[in-house]
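A short write-up of the structure that comes next.
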Amino acid sequence: MHTSKYSIQPPEYRTGTAGINRGVLVVLLCGLLCMIGAVTLVANAASSNLVPARPPQPATSNYVPPSTPTNASSPVSQTPTAPDQTSQIAVKPFNYPVFYGNTHLPEIALTFDDGPNPVYTPQILAILRAYHIQATFFDVGYLVKDFPDIVRQEFLQGNSIGNHSWSHPDLTKLSAQGIVSQLVNTSNAIQSVTGTRPTIFRPPYGSFNRVVIAQAFQQNLTTILWNDESHDWTTPGVTVIVHGILTLARNGGIILLHDGGGFRAQTVAALPLIIDALQQRGFTFVTIPQLLHDTAASGKSSP
Ligand code: ZN
Numbered sequence: 004m005h006t007s008k009y010s011i012q013p014p015e016y017r018t019g020t021a022g023i024n025r026g027v028l029v030v031l032l033c034g035l036l037c038m039i040g041a042v043t044l045v046a047n048a049a050s051s052n053l054v055p056a057r058p059p060q061p062a063t064s065n066y067v068p069p070s071t072p073t074n075a076s077s078p079v080s081q082t083p084t085a086p087d088q089t090s091q092i093a094v095k096p097f098n099y100p101v102f103y104g105n106t107h108l109p110e111i112a113l114t115f116d117d118g119p120n121p122v123y124t125p126q127i128l129a130i131l132r133a134y135h136i137q138a139t140f141f142d143v144g145y146l147v148k149d150f151p152d153i154v155r156q157e158f159l160q161g162n163s164i165g166n167h168s169w170s171h172p173d174l175t176k177l178s179a180q181g182i183v184s185q186l187v188n189t190s191n192a193i194q195s196v197t198g199t200r201p202t203i204f205r206p207p208y209g210s211f212n213r214v215v216i217a218q219a220f221q222q223n224l225t226t227i228l229w230n231d232e233s234h235d236w237t238t239p240g241v242t243v244i245v246h247g248i249l250t251l252a253r254n255g256g257i258i259l260l261h262d263g264g265g266f267r268a269q270t271v272a273a274l275p276l277i278i279d280a281l282q283q284r285g286f287t288f289v290t291i292p293q294l295l296h297d298t299a300a301s302g303k304s305s306p
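In the working numbering, each residue carries its 1-based index in the sequence shown increased by 3.
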């Protein structure tokens, strides 16, 4: 069972005491970096007055939302449409971690970690297809090798595919060469399936240090974290998942959810409710490359 790898360590956080302390440190670091980023963004916004240009989103009248999650289980189309161009946007890699995008734009990015999963990923893809929106999947390398057709379907629907390491280790515990191996093998696997090399990377457990960021950057990967989650991997119930995500949703937000690594039926059930509510609040859904592009367009410099 592939999922057994996560039976001791949940997808993004550890359960042990050391893990909790470590998690607190990561959160504190993230908070500090977010504050620095916010100051930078505000400063840039004040000096630029830019109104970032972006292609129009699909008309809302075209949405055919599923009435119940059951509809989301419909079979995947055998004649997928060509990838949406927005998922293939080329953005220069950033040498710092990104927690959110342009806070002046009502756009938000759904991200799914730990797949591809043969049970839940096709259900999530069906929901995204029903709403005519794209998301970002941070896929685990060995699962890409095991389930290439699902990754191909992610790509063909215009979603962005990110690197989530080969075997989901805590990369801060590996040597630089070990990190490179995890990153390169996964990027190779994704490229062999989709024909496109990933430009974005999310560290397992959200665990990173300067070495991890630097090695990712050397592989032309921008490290992507998040600023909106509700610990869906702990299966707290659909209502809790939805409420948590909606409470933290904001302009330029990056939402963390999981399509693999364990029981994800609650995440699948929560997804249409999250999408409906955020669309009613005026958000449009973008891929991470689009979000990065719009962040750079706002005046935030990229290296
Ligand atoms: Zn993960």
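Note that the Cβ used here is the ideal one computed from N, Cα and C, for glycine as well. Keep in mind it's a predicted model, so treat the numbers as computed, not measured.
Check your understanding: Assuming T139 and S163 make a contact with CB atoms under 8 Å, what is their CB distance in whole Å?
Key -> On the sequence shown, position 136 is the one that residue 139 refers to. On the sequence shown, position 160 is the one that residue 163 refers to. Indeed, because the Cβ distance is near 4 Å, the residues count as touching under 8 Å.
Check your understanding: Buried or exposed: which applies to A268, given that a residue is buried once 16 or more other Cβ atoms fall within 10 Å of its Cβ?
Key -> Taking the first residue of the sequence shown as position 1, residue 268 is located at position 265. Classification of A268: exposed, given that the 10 Å Cβ count is below 16.
Check your understanding: Just to confirm, are I227 and I203 a CB contact at a threshold of 8 Å?
Key -> Translated into positions along the sequence shown, residue 227 becomes position 224. Translated into positions along the sequence shown, residue 203 becomes position 200. Cβ distance < 8 Å, so I227 and I203 count as in contact.
Review point. To which residues of the same chain is P68 closer than 7 Å at the C-beta, ignoring the five residues directly before and after it?
Key: Along the sequence shown, read from residue 1 onward, the residue named residue 68 stands at position 65. For P68, the predicted structure reports a pLDDT of 33, less than 50, and the residue's modelled location is therefore unreliable. A value from the coordinates is still provided. Answer for P68: A133, Y134, P275 and D279, listed in chain order.
Point to revise | Option in V183, V241, H107 and H296 with minimal Cα separation from N166 | key: On the sequence shown, residue 166 is found 163 positions in, with the first residue counted as 1. Here the closest residue by C-alpha is V183.
**Study point:** First through last residue of the beta strand (DSSP E) which encompasses I257
**Key:** Along the sequence shown, read from residue 1 onward, the residue named residue 257 stands at position 254. Element bounds for I257: G256 to H261.
Practice item. Compute the Euclidean distance between the alpha carbons of V147 and H246, then round it to the nearest angstrom. Key: Counted from its first residue, the sequence shown places residue 147 at position 144. Counted from its first residue, the sequence shown places residue 246 at position 243. Taking the straight line from one Cα to the other gives about 31 Å.
Review point. Cβ of D235 within 8 Å of Cβ of A252?
Key: Numbered from its first residue, the sequence shown carries residue 235 at position 232. Numbered from its first residue, the sequence shown carries residue 252 at position 249. No, the Cβ-Cβ distance between D235 and A252 is not below 8 Å.
Practice item. Indicate the three-state DSSP secondary structure (helix, strand or coil) for V101 in the structure shown. Key: Residue mapping note: residue 101 aligns to position 98 of the sequence shown, counting from 1. The answer is strand: DSSP assigns V101 an E or B state.
Review point. Along the chain, which unbroken stretches of the beta strand (DSSP E) at least 3 residues long are found entirely within the segment 153-195?
Key: 163-166
Check your understanding: Should T290 and A112 be called a contact, given that it needs their Cβ atoms to be closer than 8 Å?
Key -> Residue mapping note: residue 290 aligns to position 287 of the sequence shown, counting from 1. Residue mapping note: residue 112 aligns to position 109 of the sequence shown, counting from 1. Contact flag set, yes.
**Study point:** Helix, strand or coil at I136 [DSSP, three-state]
**Key:** Counting from 1 along the sequence shown, the entry for residue 136 is found at position 133. If DSSP states are grouped into helix, strand and coil, I136 belongs with coil.
Exercise for review: Below 8 Å on the Cβ atoms is my guess for D333 versus V101; work out the distance and round it to an integer in Å.
Suggested key: For residue 333 there is no data in the structure shown, the boundaries of the chain being 4 and 306.
Review point. Does any residue of chain B bring its CB to less than 8 Å from the CB of V196?
Key: Structure shown: chain B not included; a single protein chain is present.
**Study point:** Three-state secondary structure (DSSP) of F266
**Key:** Your numbering for residue 266 matches position 263 in the sequence shown. DSSP places F266 in coil when its eight states are reduced to three.
Check your understanding: Cα-Cα, which of H296, S168, P109 and A129 is closest to A272?
Key -> In the sequence shown, counting from the first residue as 1, residue 272 sits at position 269. Of H296, S168, P109 and A129, the residue nearest in Cα terms is A129.
Review point. Using CA coordinates, which residue listed in F220, W229, S178 and N212 is at the minimum distance from L260?
Key: As a working mapping, residue 260 is identified with position 257 in the sequence shown. Nearest of F220, W229, S178 and N212 to L260, Cα basis: W229.
Check your understanding: Quick one: is R284 buried, meaning 16 or more other Cβ sit within 10 Å of its Cβ, or exposed?
Key -> In the sequence shown, the residue the question calls residue 284 occupies position 281. Burial call: exposed.
Exercise for review: Within its chain, find whatever has a CB closer than 8 Å to the CB of L177; leave out the 5 residues flanking it on each side and keep chain order.
Suggested key: Position 174 of the sequence shown holds residue 177. So the qualifying residues of the chain are Q185.
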